[in-house]
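Trainee: With the numbering used here as the guide, the letters of the sequence shown map in order to residues 391 to 646.
The beta carbon of each residue, even a glycine, is placed where N, CA and C say it ideally should be.
Every value quoted in this text rests on a predicted model; they were computed, and no experiment measured them.
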Amino acid sequence: MSNWFDTHIHLDAPELSGQGLKLLPGAQQCGINRFIVPGVRVSGWAGMLALVENAKNVYLAPGLHPAYADQWTDAAASQLWELTQQSKVVAIGEIGLDGTVAIPLSQQEIVFRAQLDIALDAGLPVLLHVREATGAVLTILRELEIGQRIGGVWHGFSASLSVAEELVALGFKIGVGSILLRENARKLPDAVKVLPASALVLETDLPDMAEKPDVLLKVAEKVAELRDRTLEEVAQITTENARQLFRFQDEFIYGK
Ligand SMILES: [Zn+2]
391 MSNWFDTHIH
401 LDAPELSGQG
411 LKLLPGAQQC
421 GINRFIVPGV
431 RVSGWAGMLA
441 LVENAKNVYL
451 APGLHPAYAD
461 QWTDAAASQL
471 WELTQQSKVV
481 AIGEIGLDGT
491 VAIPLSQQEI
501 VFRAQLDIAL
511 DAGLPVLLHV
521 REATGAVLTI
531 LRELEIGQRI
541 GGVWHGFSAS
551 LSVAEELVAL
561 GFKIGVGSIL
571 LRENARKLPD
581 AVKVLPASAL
591 VLETDLPDMA
601 EKPDVLLKVA
611 EKVAELRDRT
621 LEEVAQITTE
631 NARQLFRFQD
641 EFIYGK
């Protein structure tokens, strides 16, 4: 069976009422056996660490979502830095800019840059959340050379092929999720078709974007179809991309 890697799954989401880990056996039955849980609120960081402490192959990307940028304080910054020293922590996320929320972008940018600094200091890649702020985020990524220095994933990608190509040139991965399955999706399929295979990672963004972990396989089937590859080839390349980005030392044994 193929091995799949879900690079963005909110197992600690309040909607899952502390029962997120119960989704894992179903996911593992489909071969989805590596997971990264991104942070959203400061108040959630301790809980996400406790939740996954004994969960095998579940890793963390703590960080403050731009929609909650007003929670940022010096204490939050120290807490985030300390979390980077935990072995479960493999990235900082989800961080970025969101033009659709009430917090001014100027305030979000201060928080985004502060978290990028922590990621740079810790040498950890980042998971980006970007909505209606593509140009501003690209400018920051270029300026700080985030892709080249630590790498990262632009999560829930839905922008144009030219933005995707620029991101790839900047050393970023494209997080492909269930937006690809939308009837009216045009830009994302175009990008998925032609980007280098080394740029693609998969995500469910559960429970926001999906209800069951196996939506990852539906996304993968679409990727396979668009790129004219087998499902197994898509599994190998996307899982290997994630493994390299998050600097996993263990080797996956394919086909088991
Ligand atoms: Zn998310």
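To the nearest angstrom, how far is it from the Cα of Gln476 to the Cα of Leu518?
Mentor: 21 Å
Trainee: For a quick check, are the C-beta atoms of Pro456 and Val479 less than 8 Å apart?
Mentor: no
Trainee: Comparing C-alpha positions only, which one of Glu593, Ala614 and Pro404 sits nearest to Asp604?
Mentor: Glu593
Trainee: Any heavy atom of ligand 1 closer than 7 Å to the beta-carbon of Glu484?
Mentor: Indeed, a heavy atom of ligand 1 lies less than 7 Å from the Cβ.
Trainee: Ligand 1 and Pro404: does the residue's C-beta get closer than 7 Å to at least one heavy atom of that ligand?
Mentor: no
Trainee: Measuring only from the beta carbon, is Arg428 closer than 7 Å to any heavy atom that is part of ligand 1?
Mentor: Residue identity differs from the one stated: residue 428 is Pro in this sequence, not Arg. Flag set: Cβ of Pro428 near ligand 1.
Trainee: Spatial neighbours of Asp460 within its chain, please: CB distance less than 8 Å, with the 5 preceding and 5 following residues excluded, ordered by chain position.
Mentor: In the same chain as Asp460, and ignoring 5 residues on each side of it, the C-beta atoms closer than 8 Å to its own belong to Ile493 and Gln497, in chain order.
Trainee: Can you tell which of Leu571, Asn574 and Ser552 has its C-alpha closest to the C-alpha of Ala581?
Mentor: For the residues Leu571, Asn574 and Ser552, the minimum Cα distance to Ala581 belongs to Ser552.
Trainee: Does any heavy atom of ligand 1 sit closer than 7 Å to the C-beta of Asp396?
Mentor: no
Trainee: Report the partner residues of Tyr449 according to the DSSP bridge assignment.
Mentor: Ile426
Trainee: Return helix, strand or coil for Tyr644, following the three-state DSSP convention.
Mentor: Note on Tyr644: pLDDT 42, under 50, position unreliable in the model; no value is reported.
Trainee: I'd like to check one pair, Asp488 with Ala466: are the Cβ atoms closer than 8 Å?
Mentor: No. Outside cutoff.
Trainee: Which ranges would you report for the beta strand (DSSP E) in the segment 574-630 if only whole runs of at least 3 residues count?
Mentor: 590-592
Trainee: Look at the Cβ atom of Ala554, then the Cβ atom of Ile564, and state whether they are nearer than 8 Å.
Mentor: Contact annotation: Ala554 and Ile564 have beta-carbon atoms nearer than 8 Å.
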